[in-house]
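S.K.: Below is the structure I would like to discuss, written out as structure tokens.
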Amino acid sequence: MLKRNIPSIVAVVLFLTVWQTVCSIGLIPSYMLPSPIEVITAFVSDFSLLAQNSVITLQEAFIGLFLGVSVGFFVAVLMDTFETLYKAFYPLLIITQTIPSVAIAPLLVLWFGYEMTPKIVLIVISTFFPVTVGLLDGFRSADKDSIGLLRSMGANRFQIFRYIKFPSALPQLFSGLRIAAAYSVVGAVISEWLGGFGGLGVYMTRVKKAFAFDKMFAVIFLISAISLTLMALVGFAEKKLMPYRNTDKKGEKL
Amino acid sequence: MNKLEVKNISKSFDGKPVLKDVSIELNRGELVCLLGVSGGGKTTLFNVISGLLSPDNGQVLLDGEDITNQSGHISYMLQKDLLLPYRTIEDNAALPLLLKGEKKKDARKKVSPLFEQFGLEGTQKKYPSQLSGGMRQRAALLRTYMFSRDVALLDEPFSALDTLTKSSMHKWYLDVMEKIQLSTLFITHDIDEAILISDRIYLLSGSPGEITGEIIIKEQKPRKDDFNLTTEFLEYKRKILSML
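Protein chains in written order, with the working numbering: chain A, 1 to 254; chain B, 1001 to 1244.
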């Protein structure tokens, strides 16, 4: 595990060293680019404020992600069951994804105000798509012969879904979920940025107005750390739920 | 009484006839081969028997009862084992019971004593990807057996296996079949395989597919290891080749 990651660890350390050096020797003035050490100091000194705002952002992200995944699941099952729905709405689904979320977020603020609702709506809009598409492709990749076999054994539609279609779609569902998890945090921050009372996005607008670059960097790193953690959680769930993918021929756990 | 009787089945797809007036019988405990070239309508016939396809004409009778167009009576096993990769061998074998609504625990309890009979000891908790092709086919047969205890439809089940595995699977199959009193309808395009394991062989040929001959293999079971080297064996083979 550690051995495999050595090149990337070395790269990160190297990057941070170069960055610190550039700042320390004054190549770039510190009000433009804070050094890594300054960023860490800012993070520590503002920790309680960051934590408070993170809670708000995470709340929005979780609620939005949960609703988005539920909606995505529901839509995918419907579209898989009714071919007409699939034909009618699949192109529409693709089109909704060409609209950048930054463009609709202000609209949502106008419609739903500055509270949590517009944030959650934005997250739902941006997360349900990867889930729906992943699931739909997964359902469609289910083995036709296996479905035929279960039918010959008298399986009903629900059983075919449970034993074949859903498990076949799990790998795609998890790739969709990983993307959705990252989107949910980004979506929350963007809509807070565009109008709200709390959250990391609001924190960002405040420190930006104060030209506190060190705090800007601190919050940026925090957001990406949160996204990475969520993605790792999805990966963990994936391993737990699909144990058959982690075993080799001899049955040893990998 | 016949275990399974297929009466005058005809089937066409988009006006193109695939099966014409096919009638076959399977007696209790018998292994009957359906021998014919690939694409000759054998698989269509199996789908009709298992109720996945409805025939244009004709009837399928199981124990004298009409089961035409009804799935859920007879299951089949294919060249592809179709084991669910995300379930253990035990749960794959128990699948037919789970589909009938049995609890997982009860289903497992019913399946587990059969693992030894099927030569699958120790594979209960493994996943299909951890087994060899031959073992997977055994598991697939166990699953078929859990579904319909006395009739098995096998569609070229061993044709993807190498020659040595195949011949050991033949032995294994005949052995298991006798132990569990199974009647088998077996599709193959391999003449040697058909003569080795069958009690009776139907030849299905032509387009649309018709039954063009029936051969009874009189050689006693269990058959000698060198049966395929005897003159009788060659006689049967010559006869079948002349009829195809």
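The beta carbon of each residue, even a glycine, is placed where N, CA and C say it ideally should be. Please read these numbers as outputs of a predicted model, since none were measured by experiment.
Exposed or buried, what is A/G138 when buried is set at 16 or more other beta-carbons lying within 10 Å of its beta-carbon?
M.R.: Answer is buried; the Cβ neighbour count reaches 16.
S.K.: In terms of residues, what are the limits of the beta strand (DSSP E) holding A/P91?
M.R.: It is not in any beta strand (DSSP E) - A/P91 instead sits in the alpha helix (DSSP H) that spans E83 to T96.
S.K.: So does the stretch 1051–1071 of chain B actually touch the stretch 107–124 of chain A, counting three or more Cβ pairs closer than 8 Å?
M.R.: No, because fewer than three Cβ pairs between the stretch 1051–1071 of chain B and the stretch 107–124 of chain A fall closer than 8 Å, the two stretches do not touch.
S.K.: Cα separation between B/M1243 and B/T1212?
M.R.: Near 8 Å, if we compare the C-alpha coordinates of B/T1212 and B/M1243.
S.K.: Helix, strand or coil for B/T1230 per DSSP?
M.R.: Note: B/T1230 maps to coil in three-state DSSP.
S.K.: Between which two residues does the beta strand (DSSP E) holding A/I28 run?
M.R.: Here A/I28 belongs to no beta strand (DSSP E), and DSSP marks it neither H nor E.
S.K.: What's the C-alpha gap between B/V1111 and B/L1004?
M.R.: Going by the C-alpha atoms only, they are around 25 Å apart.
S.K.: Going by the beta-carbon positions, is the gap between B/T1044 and B/L1084 smaller than 8 Å?
M.R.: No; because the gap between Cβ atoms is not below 8 Å, this pair is not in contact.
S.K.: Compile a chain-ordered list of the residues in the stretch 1069–1092 of chain B whose CB is closer than 7 Å to at least one CB of chain A.
M.R.: Here the close residues are S1071, G1072, S1075, Y1076, L1078, K1080, L1082, L1084, P1085 and Y1086.
S.K.: For B/K1239, which of helix, strand or coil comes out of DSSP?
M.R.: Residue state, collapsed to three classes: helix.
S.K.: Checking contacts by CB at 8 Å: is B/Y1145 closer than that to chain A?
M.R.: Answer no: the Cβ-Cβ gap between B/Y1145 and chain A never drops below 8 Å.
S.K.: Which residue from A/G187, A/S191 and A/A11 puts its Cα closest to that of A/L65?
M.R.: Here the closest residue by C-alpha is A/G187.
S.K.: If we call anything under 8 Å between Cβ atoms a contact, is A/L136 one with A/L241?
M.R.: No.
S.K.: Where does A/P34 land, buried or exposed, given buried means 16+ other C-beta within 10 angstroms?
M.R.: Looking at its Cβ environment, which holds 16 or more other Cβ atoms inside 10 Å, A/P34 is buried.
S.K.: Out of curiosity, what's the CA-to-CA distance linking B/Y1236 and B/D1190?
M.R.: Straight-line Cα distance between these residues: approximately 13 Å.
S.K.: With 8 Å as the threshold, decide whether the Cβ of A/Q172 is near any Cβ in chain B.
M.R.: It does not; no Cβ of chain B falls within 8 Å.
S.K.: Hey, is the stretch 1171–1184 of chain B in contact with the stretch 1087–1107 of chain B, meaning 3+ C-beta pairs nearer than 8 Å?
M.R.: No, because fewer than three Cβ pairs between the stretch 1171–1184 of chain B and the stretch 1087–1107 of chain B fall closer than 8 Å, the two stretches do not touch.
S.K.: Since B/S1071 and A/G176 should fall inside the 8 Å C-beta cutoff, what is the C-beta to C-beta distance between them, to a whole number of angstroms?
M.R.: The pair is not a contact, with the Cβ atoms about 33 Å apart (cut-off 8 Å).
S.K.: Residues in its own chain within less than 8 Å of B/N1228 by CB, not counting five upstream and five downstream?
M.R.: Within the same chain, B/N1228 has close Cβ partners D1192, I1195 and L1196.
S.K.: For B/S1159, go through chain A and note every residue whose CB falls closer than 9 Å to its CB, in chain order.
M.R.: Residues of chain A passing the Cβ test: none, with the nearest at roughly 15 Å.
S.K.: If you reduce the DSSP assignment to three classes, tell me which class A/E252 lands in.
M.R.: Here the model assigns A/E252 a pLDDT of 44, short of 50, so the residue's position is not dependable, and the following value carries that caveat. Correct three-state label for A/E252: coil.
S.K.: Taking 8 Å as the CB-CB cut-off, is B/L1099 touching chain A?
M.R.: B/L1099 counts as touching chain A.
S.K.: Pull up the distance between the alpha-carbon of B/V1060 and that of B/R1149, whole angstroms please.
M.R.: One C-alpha to the other measures close to 18 Å.
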